[in-house]
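Numbering-wise, UniProt numbering puts 13 at position 13 of the sequence shown, and it's gapless, one number per residue.
Idealized CB from N, CA, C, for every residue including glycine.
Just so it is clear, the structure is predicted and the values come from calculations on it, not from any experiment.
Here is the structure we will look at, set down as structure tokens.
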Amino acid sequence: EKTPTLYYSSHDGVDFGLKYGTPILAPAPGYASYLYTTGGGNTIKIDHQNGYQTQYLHLQKEGLFTNKSSEKWIDKGEQIGLVGMTGNTSGPHLHFGVRYDKNGNGNFLDDTPDGRVDPYAWQDNTKEDPWEAYSWTDALGDHAGSESAYLWEDLLTVNSVYLSKDGGSLAGENAVIVIPENTLNTEVTLSIKKTGSSHVELANQVLKYIRGTALLVEAYDNVKNQISQFANDLEISFDLTQANFSNIATETLKIMYFDPNNMVWNQLTTTWNETTKRLTGLANHLSEFAVFGEKIDANPPVTTIAITGQKDGNWYTESPMISLTAVDGATESGVDKTFYSLDGGSSWEEYLTQTQVIKDGIYAILFRSSDKAENYEPTQDSPLLQVDTVGVFKDEIALSGAVFSFAAI
1 EKTPTLYYSS HDGVDFGLKY GTPILAPAPG YASYLYTTGG GNTIKIDHQN
51 GYQTQYLHLQ KEGLFTNKSS EKWIDKGEQI GLVGMTGNTS GPHLHFGVRY
101 DKNGNGNFLD DTPDGRVDPY AWQDNTKEDP WEAYSWTDAL GDHAGSESAY
151 LWEDLLTVNS VYLSKDGGSL AGENAVIVIP ENTLNTEVTL SIKKTGSSHV
201 ELANQVLKYI RGTALLVEAY DNVKNQISQF ANDLEISFDL TQANFSNIAT
251 ETLKIMYFDP NNMVWNQLTT TWNETTKRLT GLANHLSEFA VFGEKIDANP
301 PVTTIAITGQ KDGNWYTESP MISLTAVDGA TESGVDKTFY SLDGGSSWEE
351 YLTQTQVIKD GIYAILFRSS DKAENYEPTQ DSPLLQVDTV GVFKDEIALS
401 GAVFSFAAI
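This is how it looks when you write it as structure tokens:
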């Protein structure tokens with residue numbers, strides 16, 4: 001099968017795609033401490049004194065609540081830091097992770113990976129959580145995964161209704177499902193559950209997700225067999241009177257469903273009522289649904305690089321200057337920020353002005369820009385920057401792919 005039943009992505013948290021510089025606030029009080037890693041960059045950890053530790057990765061170096069490894073009390077709502085691009089990341093986002101102190105000793109270091117938990121809990125009612133049931137033995141002894149509890153204040157409420165063969169309807173927070181007559185051949189329990197938006201990042205980049213519309217619709221018969229296909233179309237509609245349509249062409253709004261086998265979003269036949277702000281679609285199956293619209297500005301900026309300085313062959317013999325210039329289309333939203341990396345993407349900085357490289361060495365330069373509509377340019381690269389102002393490197397020769405033979409002595 002395309003995706004194995006037991007699948008590990010090596011990613012141990014939830015990524016939230018957020019604008020660079022977005023303030024991150026403490027969701028609950030606790031003792032905060034700082035850590036820097038090459039993968040996670042600037043990281044804040046909060047021990048909430050209830051058996052859970054939350055972790056916030058890739059933060060900017062400016063705006064941190066603390067830059068010390070020693071613990072410091074933080075109250076709910078205080079700023080932890082600002083969304084950045086430190087560590088191993090290809091774009092601004094917050095990596096959010098949760099650890100559970102399984103042995104209750106107050107030390108979360110000995111609960112990795114055992115104590116890694118999902119703050120959304122296990123949401124599949126038809127299968128058991130493979131992590132909770134997983135166990136293994138290594139040099140440190142016997143280990144087992146952990147049960148994940150739902151930890152958010154914003155509850156993923158489930159609305160459900162028991163329907164006869166005559167059909168009926170069910171309303172969620174901002175959506176209504178209608179099952180017409182002659183669609184069911186048995187009684188069913190129909191449910192609507194608001195879901196996290198983890199799959200929306202898989203949508204086509206010209207589309208923008210309407211926040212708060214992701215939901216899972218399911219139906220089960222009396223013996224708990226899941227029913228996903230129907231003889232006639234069901235009607236699903238969304239009330240979008242409170243939706244944010246920033247950078248979205250409303251005439252392109254569409255309801256889409258997620259195909260978990262192919263990991264893609266597909267469009268339903270959809271009708272948009274501009275007056276009532278209601279979007280209606282037809283589906284012959286149940287799935288995860290969400291609303292998307294085409295971006296008015298879907299084109300990222302284009303960035304070019306210029307490097308100046310005295311050279312001897314491929315080596316700069318004086319500290320070179322790096323200049324980055326980003327241009328957005330005349331009818332686009334305009335350039336917002338430009339970022340660069342001198343180490344092949346292990347760490348990123350915001351480009352503010354012409355930058356001088358003052359340390360000798362070989363640099364793998366990457367750069368990219370974003371616009372005010374939050375379109376991010378694909379990462380661009382430049383030929384290796386070789387700097388040798390004191391004559392240490394350039395006289396050395398590196399051979400790659402050469403074969404040597406040695407005579408016996």
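Met263 classed as buried or exposed, judged by whether at least 16 other C-beta atoms fall within 10 angstroms: Sequence index remark: in the sequence shown, residue 263 carries index 263 (1-based). Classification for Met263: exposed.
Enclosing alpha helix (DSSP H) for Glu132 [first to last residue]: Along the sequence shown, read from residue 1 onward, the residue named residue 132 stands at position 132. Per DSSP, the unbroken alpha helix (DSSP H) holding Glu132 starts and ends at 130-133.
Neighbour-count burial assignment, Asn182, 16 or more Cβ in a 10 Å radius: Taking the first residue of the sequence shown as 1, we reach residue 182 at position 182. Classification of Asn182: exposed, given that the 10 Å Cβ count is below 16.
Residue interval of the beta strand (DSSP E) (run including Lys372): Numbered from 1 along the sequence shown, position 372 holds the residue referred to as residue 372. That residue, Lys372, is in no beta strand (DSSP E); it is neither H nor E in DSSP.
Using only the alpha-carbon positions, how far apart do Asp374 and Leu82 sit? The sequence position of residue 374 within the sequence shown is 374, counting from 1. The sequence position of residue 82 within the sequence shown is 82, counting from 1. It is Glu, not Asp, that sits at residue 374 in the sequence shown. For Glu374 and Leu82, the distance between alpha carbons rounds to 17 angstroms.
Could you say which of Thr325, Ala298, Gly345 lies nearest to Glu332 if we only look at CA atoms? Position 332 of the sequence shown, counting from 1, holds the residue named residue 332. Per the C-alpha coordinates, the member of Thr325, Ala298, Gly345 positioned closest to Glu332 is Ala298.
What's the call for Ile74, buried or exposed, on a 16-neighbour Cβ count within 10 Å? Indexing the sequence shown from 1 puts residue 74 at position 74. So Ile74 ends up on the buried side.
Contact check, Gln79 vs Pro27, beta carbons under 8 angstroms: The residue given as residue 79 occupies position 79 in the sequence shown. The residue given as residue 27 occupies position 27 in the sequence shown. Taking the C-beta atoms as reference points, Pro27 is found no nearer than 8 angstroms to Gln79.
Identify the continuous beta strand (DSSP E) that holds Phe239 and give its terminal residues. On the sequence shown, residue 239 is found 239 positions in, with the first residue counted as 1. According to the sequence shown, residue 239 is Asp rather than Phe. In the DSSP assignment, Asp239 falls within the beta strand (DSSP E) that extends over 229-239.
Nearest neighbour of Lys208, chosen from Val217, Tyr52, Ser246 [CA to CA]: Numbered from its first residue, the sequence shown carries residue 208 at position 208. Minimum Cα-Cα distance from Lys208 among the listed residues Val217, Tyr52, Ser246 corresponds to Ser246.
Any idea what DSSP makes of Leu109, helix, strand or coil? Walking along the sequence shown from the start, residue 109 turns up at place 109. In the three-state scheme derived from DSSP, where H, G and I count as helix and E and B as strand, Leu109 is classed as helix.
Fully enclosed by the stretch 203-287, which alpha helix (DSSP H) runs are 4 residues long or longer? You should have found no qualifying run.
So what's Glu173 in DSSP terms, helix, strand or just coil? Locating residue 173 in the sequence shown gives position 173, where the first residue counts as 1. Note: Glu173 maps to coil in three-state DSSP.
Straight-line CA distance for Gly293 to Ser160? Residue 293 sits at position 293 when you count from the first residue of the sequence shown. Residue 160 sits at position 160 when you count from the first residue of the sequence shown. If you take the alpha carbons of Gly293 and Ser160, they lie about 28 angstroms apart.
From the DSSP output, read off the bridge partner residues of Pro383. Position 383 of the sequence shown, counting from 1, holds the residue named residue 383. Beta-bridge partners assigned by DSSP to Pro383: none are found.
3-residue-minimum beta strand (DSSP E) runs that sit fully inside the stretch 307-338, ordered along the chain: DSSP runs (the beta strand (DSSP E)) wholly in the stretch 307-338: 321-327.
In the DSSP assignment, find the beta strand (DSSP E) that holds Tyr363 and state where it starts and stops. Position 363 of the sequence shown, counted from the start, is the residue given in the question as residue 363. 361-363 is the span of the beta strand (DSSP E), which, as asked, contains Tyr363.
In whole angstroms, give me the CA-to-CA distance for Tyr120 and Leu155. If you number the sequence shown from 1, residue 120 lands on position 120. If you number the sequence shown from 1, residue 155 lands on position 155. Going by the C-alpha atoms only, they are around 10 angstroms apart.
Lys165 versus Ile179 - alpha carbon distance: Counting from 1 along the sequence shown, the entry for residue 165 is found at position 165. Counting from 1 along the sequence shown, the entry for residue 179 is found at position 179. If you take the alpha carbons of Lys165 and Ile179, they lie about 10 angstroms apart.
Helix or strand or just coil, what does DSSP make of Lys61? The residue you call residue 61 lines up with position 61 of the sequence shown. Three-state DSSP puts Lys61 in coil, outside helix and strand.
Kindly give me the distance between the Cβ atoms of Lys76 and Pro29, rounded to whole angstroms, as I take these residues to be in contact under 8 angstroms. Locating residue 76 in the sequence shown gives position 76, where the first residue counts as 1. Locating residue 29 in the sequence shown gives position 29, where the first residue counts as 1. Yes, they are in contact, since the Cβ atoms of Lys76 and Pro29 sit about 5 angstroms apart, within 8 angstroms.
Within 8 angstroms, strictly: CB atoms of Leu163 and Glu187: Walking along the sequence shown from the start, residue 163 turns up at place 163. Walking along the sequence shown from the start, residue 187 turns up at place 187. If you check the CB distance, Leu163 and Glu187 come in under 8 angstroms.
Simplified DSSP assignment, three categories, for Val83: Translated into the one-based positions of the sequence shown, residue 83 becomes position 83. The DSSP-derived three-state label of Val83 is strand.
According to DSSP, simplified to helix, strand and coil, what is Glu201? Numbered from its first residue, the sequence shown carries residue 201 at position 201. Secondary structure at Glu201: helix, using DSSP grouped into helix, strand and coil.
What is the C-beta distance between Phe108 and Asp118, in whole angstroms, given that I count them as a contact (C-beta under 8 angstroms)? Taking the sequence shown and counting its residues from 1, one reaches residue 108 at position 108. Taking the sequence shown and counting its residues from 1, one reaches residue 118 at position 118. The C-beta distance from Phe108 to Asp118 rounds to 16 angstroms, too long to fall under 8 angstroms, and the pair is not in contact.
Inspect the beta-carbon positions of Lys285 and Ser228 and report whether they are closer than 8 angstroms. Residue 285 sits at position 285 when you count from the first residue of the sequence shown. Residue 228 sits at position 228 when you count from the first residue of the sequence shown. Checking the sequence, you will find His at residue 285 rather than Lys. Taking 8 angstroms as the Cβ cut-off, His285 and Ser228 qualify as a contacting pair.
Residues bridged to Val178 [DSSP beta-bridge criterion]: Locating residue 178 in the sequence shown gives position 178, where the first residue counts as 1. Per DSSP, Ser169, Glu235.
Quick check: the Cα distance between Asp129 and Trp122, rounded to an integer number of angstroms? In the sequence shown, residue 129 corresponds to position 129, counting from 1. In the sequence shown, residue 122 corresponds to position 122, counting from 1. Roughly 6 angstroms between the two C-alpha positions.
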